[in-house]
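Asks: Below are the structure tokens for one structure; questions will follow.
Residue numbers (the numbering used here), protein chains in the order written: chain A, 59 to 380; chain B, 59 to 380; chain C, 59 to 380; chain D, 59 to 380; chain E, 59 to 380; chain F, 59 to 380.
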């Protein structure tokens, strides 16, 4: 269960309202690389590993919870940046607009223009955040990547943190409010930290490459297909040893169409991975069996229970299941 | 900020795996009336009232936090209902399928069929929950209704709780696992309770009808337009005093087209509300000014700060803002 | 079937074109609280009650039809606010842009800027409405709440009307065209009226609380969980009798984590509702049987027919079914 | 405004409930080629032509209104095909599931399986239609094509009717209920009729090719680029006169890459259209001016009004505008 | 398989950066009528006809491939229109914003404003295109219409090309960069050409009306229902022979409600098509058998193979299948 | 531009039709981790680097083009797995269903059931692929991650390849057709290869950590917040040196709420990164300037041109720009 602590994790402040920046900042509230995405991604991934890998569960839930706490910081900042918009909207007597005309046509025009570029705030949410990105597009469950395999999920997380980091970096160019900059820098920094957390956690799982269980077909792993004409760039990504640590070398297929025709649709394409198919099959079977058993050892076959009360050990709920 | 407590709020258990019901239960994980929707709705609404109405903020955050805790219960139950699916998928040696054929063709056929009706679990999430509804449609930010006005938002919440309640009621017909039924009954019950919380809170705000600030145009408030032919139902919703507590009566417009033509597009339609337009204008101005001032009194004009450290009073952050 | 009457229900007029406000007004054409949502919501709900509750069907279809008529008013207003945009776009000779430069650079710049903030109008719809909200997000079928239970659906409608009302209230602050204001005030007023219609109709169904059939688990109905730290707000929503009309009192759970651990995940939590579980079961069975029979009495088991020709009584089609 | 006539346009009947087919039929309720899409497409297109082309407005609104009437037929059929599902769900006493087990395990299993393949009906809508397609994906505003030009919109409509027709044709293979087949055949037939209506209407607009105002660049209109290798199909679509009625011939570009390089990115590509660029510019200017003036002649520059009361002539509202 | 040729099909150039127009142009990159939609539509349709109609496959793949090449032109133009945005964002030292203030407050304000109207570019994509339309709404698979019948699909394509053409026509009004105009004119022209390709191809299929296989119900094909009141437009779309080439005439149903009641829901409606129902049934059977056999003759019943290596004849893969 | 080669890159074959697996395989056609996503992601990323980093452009376009070629393999396999569905649907005489009843009720029931679980194939696409995932949810532009920074984008790609790989791994468990398995294994293998390509390419960019330009705030980089109660897992991700290669150590914040209160919302939180803030600022400025200048050196300030004809060098278009 969750508990809400009224103190924000970081002391969010604004120097003065700035509705334009509030709109941009929505990108990290309800956008595809924002805090809700991160929180929900780690939270959702955590279910699959709760029983089999309780140490990784602990880590995923720590970070999911921190991301929910960051979502709160972002929402608080947006709300403060909208200033008195909510109060203005409450003063809704019908003559008000015409009165404003007499007072100041510029102020009115600005308010209308503001509404036109940020309709979500002024005619929909009444000045609070919306669960959308900066363009007003609603947050979407398919932002969340959770595939039930830590060697995949942790890589999804490293990439997610990278994207969240660059979006904060971009956002920092569009405000000079020192309080807001400080909050953004805090949030950006935490993405870097989480990147490192996930990197370290991935490293404790061996083997973790290729992601999942199965090795590739040794005919095709080391082949690079040059799918375009003209001058071709060569580099460690398509020549020499590259990142292959099994003695393999890149095989550069310069004219894919010719190769495909000659090999009858690659069926007769020569093997590029130095390992034999038989060795690979053995590896697949061993790793599949090992991982499968790790999980089966922890997930009860019949009735099951998620929590112990109190939960004193990392895997205590497992012990309680009868 | 949030804190994660490893004990679930309710002791979620399953008697045995049931992937079909797991799929149905997704409706309350990532569906339009599910726990994520509820949690995010109250959480998002809370920002607008943080400073002006800290008592309502406290209530909204209590319930948002409870809904996140319910989301966890639903996800845990789905995961346990999927049983050893994740472990099975890890045993991914390529010959496995053919081996299975020799062992049991039925089991294999069932697994394939299961995958076809629940592709999200078996070829995507690896057995964990997905942020979708039971049909696989991703959760969407526009499920969240937050309009910056408590007389509106609390009504959105009462309706949201009603829908969540009926979905649990329907779901309870599709399982007979006593553990799962007990959890569903707990979750369903909490929707009833929250319905009452929001009802009581709405009642403390006066006036709360009509929602928002403005009264209706007295020409049109009490008119009911009979937009269909044939036999017409009459009842308290279109005749007599109905729910009008200002001495008004329903005005039943039996032949709308004739009325519209005769009144030049309702411009010359006689007034149906007994109150004068002038009185209504006065009411609008008074209420608009009152609500606007309530908010302005609490939201600082210049720099602003969300939290005090520690936050000892309901509205302490306001006092800390300089 | 429907019939289209060429006269608008309300005499929509504009004093002069105003493309910026046209864009804002899209919120009520294709937005989540707009007229299409309302029309489709009541229309969709109506199917389930056609045979069992023909009086409620009549009411839902009257209002659905009125909402379609309002959708037409909103679309007409948007089109008139776009003025001659469509004609301008037709004058599409390729040299036009350069000619415009010589004539007036400001006008051209404004037109480009207008297009940038409202791309849907100028490069997509050619000046007419789009089935999107003000931010350009397409209308979505999941805006519609129809759950096959009047005690739920009518509450969804009351909330929907509340949201539609506040959006009109907000919109009225961004125009001072008296004709447009008059139309908006008409539309806003009708939301108030429909709110009252649905309230009165809900009141004719007894019991209507809790929504649906089932009572809550008496252990949990009256408990309020204080899910946050610091100062806590107390009020009728978590102390005293609150809105409970069965002699019950709120039970305030101050430290939920302690309570959860002590009660083994609330399994041993003491009952908060004064009614016995047995009484509640009886109530459930009685109401379930009653509502189920009400419907079965009206919906034929075998072949079925929707309409009689002519349809002279509220439930005549039922009689025609053989 | 709209008026609801309680008689369905076509006498929708079902011989007996068939929830599986109800699910398939959703495709025409809330799917991309269904009745709501058609109704909303013609309704939305109609706004742009209301004042300038009132005869086309009359036609578009006639058909939009008929499509709303078809949507009602589809929804009624789905509801009747769901039979007593709603009544069953109301009998929601908590012991019911276990009682059912004793009575008939098959019936229960079937109901659960049904729910798993159609979650929208049984755990969400309570047996009524949902605003989704047959897979449960919500209807979407971007199904509607309305581009503010009749030579485009009418072609969008011809294509839309073609798609709606084939979907009904496919659906007719999955039921043998003669009543349902009769309704489907009626609905399918009307798509054919509307196809012809739009074809005839398009024909009254001259010129209507190319759609819109501008002629193509005479260098490129008649060129066909052979973008694939191997054997190439030749036919009236890339050789001979084809559908060109200006004396032009197809120019077949056999080796696009060579041609592109030789012509410096087609800049020096020889003209394929026999008309001179100057003639084309003249055509563009003439047609642009003509269409633009047609519209300006009917759409008032200043204040505007949509309807006359009563509306006795096709374009009477225009005359009423002051 | 595809091959990428580094030369663009058309020599895309820009005279100078123009971020506002870049945003508008997104409509044709990731919008509903843009190049990705066209490419994916023809590509997806092509699968169904690969084996049965290899000449149409060749044509669909030629045009799909050209549309992917146009998508590249649009993306390249957007990128060049964004100028040095990417480089500016890289200069991300935290003091930069404040430095900019000292240098030029206008430039900074403009950059912030630009970001607010185009958040996708500046805080998300870093200056490159996004797979969205001009309003920031993501491209969606339901833009693609592919229904497995060439008489339907080719009409969907004719309509799609019409819409793409008008959007380019509209876009050309919002730039005066001669290089950009030249590219837009090329792209617009190709839509006209493809329109003609699809028209000619549709013409080679006989019969192609009605789309699909089945003729309409002869009772209803020729009836036009006048669904609105007031003055009614009459024209070739509802009177006289219209586009019917079987000797039929339009039947104008002036008062649909009366007709519907009198004919008991159209059941007793007199036939409008001069052909007999028996003849129509015969036609249906003949055409259904013919088309079905055309396909079955080419699609192997058992094992199947897509390609021959090399693929020297239009239908060679079929011959290779064993 | 693209060129289509009629030979598939890999010789896709099926042993016999299998519509259930066709449905599952849709996940890799139009799903969030499928081939269209991969193709569009690399294609979209490529625009930003075309001029500044032509070697990375060459690599991204090679792989994007290969992914489009894989999309074709997946679509071809789905189409062949659907067997004669399209031919069956063409045999659409209206009596057919009833004839089928006499022939074989089982076959008919199966076909109806198949349609109910795969409505997209049988009532929508007529047997071809749809641009949706296996649950029928349309492909979405927000699947594509392209953020204008290679240190981010390449990490997004590594994660995307990981997810695509595991989905193929899961899919391989649901078919035993050796031809299909061979194609899936080929496709799965290429994801591993591309993973390595992107890893090697990322490694050539130094520094590449943190992604983007800015270093984190030294107060917060090395802190791990323990956001949950109970037993806590400790490992290289929150204790010791972890992956920090600057001499730093993890700082474990055991009781975040206490720490937050004590440090006044982390403002007074002690620095965790051993580097000084000044050094970090210097690093930020240096790297920002360097990357910014790399791009500016290649992207022309004024007019710009994408391609040279012919394009003989990696960066030739830049040279051609005038």
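Here a beta-carbon is modelled for each residue, glycine too, at the ideal position from N, C-alpha and C.
Under 8 Å, CB to CB, which of the residues in the stretch 190 to 202 of chain F have a partner in chain A?
Replies: Against chain A - using a Cβ distance shorter than 8 Å - the residues of the stretch 190 to 202 of chain F are 195, 198, 200 and 201.
Asks: Nearest to residue 259/F by CA position, among 337/A, 299/A and 273/A, is which residue?
Replies: 299/A
Asks: Where does residue 111/E fall in DSSP's three states?
Replies: coil
Asks: Taking the alpha carbon of residue 290/A as the reference point, which residue from 84/F, 112/F, 105/F and 94/F has its own alpha carbon closest?
Replies: 112/F
Asks: Kindly list, in the order they appear in chain E, the residues whose Cβ is closer than 7 Å to that of residue 149/F.
Replies: Ordered by position in chain E, the residues that pass the 7 Å Cβ test against residue 149/F are 346, 347 and 350.
Asks: Look up residue 283/A in the DSSP assignment and give the residues it is bridged to.
Replies: 311/A
Asks: Would residue 144/E pass as an interface residue toward chain C - the criterion being a Cβ-Cβ separation below 9 Å?
Replies: no
Asks: Report yes or no: is there a C-beta of chain E within less than 9 Å of the C-beta of residue 333/D?
Replies: no
Asks: Taking the DSSP output, what are the residues bridged to residue 71/C?
Replies: 363/D
Asks: According to DSSP, is residue 278/C helix, strand or coil?
Replies: coil
Asks: Can you list the beta strand (DSSP E) stretches of 3 or more residues lying completely in the stretch 182 to 230 of chain D, in chain order?
Replies: none
Asks: If I follow the unbroken beta strand (DSSP E) through residue 87/C, where does it start and stop?
Replies: It is not in any beta strand (DSSP E) - residue 87/C instead sits in the alpha helix (DSSP H) that spans 85 to 88.
Asks: Taking 9 Å as the CB-CB limit, is residue 108/D close to chain E?
Replies: Among the residues facing chain E, residue 108/D is not included, as its CB has no counterpart in that chain under 9 Å away.
Asks: Any beta-carbon of chain A closer than 9 Å to the one on residue 316/B?
Replies: no
Asks: Looking at the unbroken beta strand (DSSP E) that takes in residue 232/E, where does it start and where does it end?
Replies: Secondary structure note for residue 232/E: it is in no beta strand (DSSP E), with a DSSP letter that is neither H nor E.
Asks: Among all the DSSP beta bridges, which residues are the ones paired with residue 267/B?
Replies: Under DSSP, residue 267/B takes part in no beta bridge, so it has no partner.
Asks: For the beta strand (DSSP E) containing residue 60/B, name the first residue and the last one.
Replies: 60 to 62
Asks: Straight-line CA distance for residue 184/E to residue 70/B?
Replies: For residue 184/E and residue 70/B, the distance between alpha carbons rounds to 45 Å.
Asks: Taking 9 Å as the CB-CB limit, is residue 59/D close to chain B?
Replies: yes
Asks: Thinking C-beta only, is residue 266/B closer than 9 Å to residue 317/B?
Replies: no
Asks: Cβ of residue 215/E less than 9 Å from any chain F Cβ?
Replies: no
Asks: Is the CB of residue 63/A under 9 Å away from at least one CB in chain C?
Replies: yes
Asks: Using a C-beta cutoff of 9 Å, does residue 368/D count as contacting chain E?
Replies: yes
Asks: Have a look at residue 352/D and residue 110/D and give me their C-alpha separation to the nearest angstrom.
Replies: Computed Cα separation, rounded: 7 Å.
Asks: Any beta carbon of chain A sitting closer than 9 Å to that of residue 225/C?
Replies: It does; some Cβ of chain A falls within 9 Å.
Asks: State the start and end residues of the unbroken alpha helix (DSSP H) segment that holds residue 350/C.
Replies: 335 to 354
Asks: Measure from the C-beta of residue 220/F to each C-beta in chain D and report whether the shortest distance is under 9 Å.
Replies: no
Asks: For the alpha helix (DSSP H) holding residue 147/C, just list the boundary residues, first then last.
Replies: 143 to 148
Asks: Buried or exposed: which applies to residue 303/C, given that a residue is buried once 16 or more other Cβ atoms fall within 10 Å of its Cβ?
Replies: exposed
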